[in-house]
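In the UniProt record's numbering, the protein residues as written are 1 to 170.
In this text, a Cβ means the ideal position worked out from N, Cα and C, and glycines have one as well.
These numbers were taken from a predicted model, which means no experiment stands behind them.
So the structure is just underneath, and the comments pick up after that.
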């Protein structure tokens with residue numbers, strides 16, 4: 001039916017977005033504390049919003065090349081501990097940052113649906129080898145940034161006012 005109608009489609013499945021790590025509304029609210037919904041040792045896929053936009057634009061302008069593809073773009077796969085270390089190194093504050101994770105039993109009591117969703121996401125992250133997705137993203141978009149490059153490109157949160165609740169970096 002799709003072939004007969006001539007419809008073309010591309011699905012870009014987005015992992016965690018790097019910008020959310022730096023948003024005071026969704027992410028870092030307190031200096032020295034790196035928040036994580038995921039367990040400290042679970043590797044999470046990351047990409048920048050800007051890179052997602054570039055890939056979507058490529059798919060839109062070259063529909064024949066992207067037709068009927070499911071694509072999970074990714075430039076990094078890091079644990080919350082690794083993400084915290086990159087942020088601390090980039091800010092020149094090694095040893096001054098730590099990962100803050102909400103205890104899972106508390107999440108099960110307060111929001112069981114969200115806790116189960118996190119468990120499922122962590123299982124998927126652990127089972128799937130995302131190195132292929134990272135290689136494919138870098139091949140299609142060589143200038144795609146990893147987390148360290150993204151922090152450096154965006155001034156590394158160095159001038160962020162930690163008391164201003166509306167401060168969002170993008």
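| Asked | Found |
| --- | --- |
| Beta bridge counterpart(s) of residue 42 as assigned by DSSP | For residue 42, which the question treats as bridged, DSSP gives no partner whatsoever. |
| Simplified DSSP assignment, three categories, for residue 15 | coil |
| Burial state of residue 150 (16 or more Cβ within 10 Å) | buried |
| Residue 34 and residue 84 closer than 8 angstroms at C-beta | yes |
| Own chain residues within Cβ distance below 6 angstroms of residue 71, not counting five before or after | 12 |
| Per-residue burial, residue 166 [other beta carbons within 10 Å of its own, 16 or more giving buried] | Bear in mind that the predicted position of residue 166 carries a pLDDT of just 39, short of 50, making it unreliable; the figure below should be weighed with that in mind. Exposed, since its Cβ has fewer than 16 Cβ neighbours within 10 Å. |
| Coil, strand or helix - residue 28 by DSSP | coil |
| Member of 10, 7, 14 and 91 whose CA lies at the smallest distance from the CA of residue 77 | 14 |
| Span of the beta strand (DSSP E), counted from its first residue to its last, around residue 76 | 76-78 |
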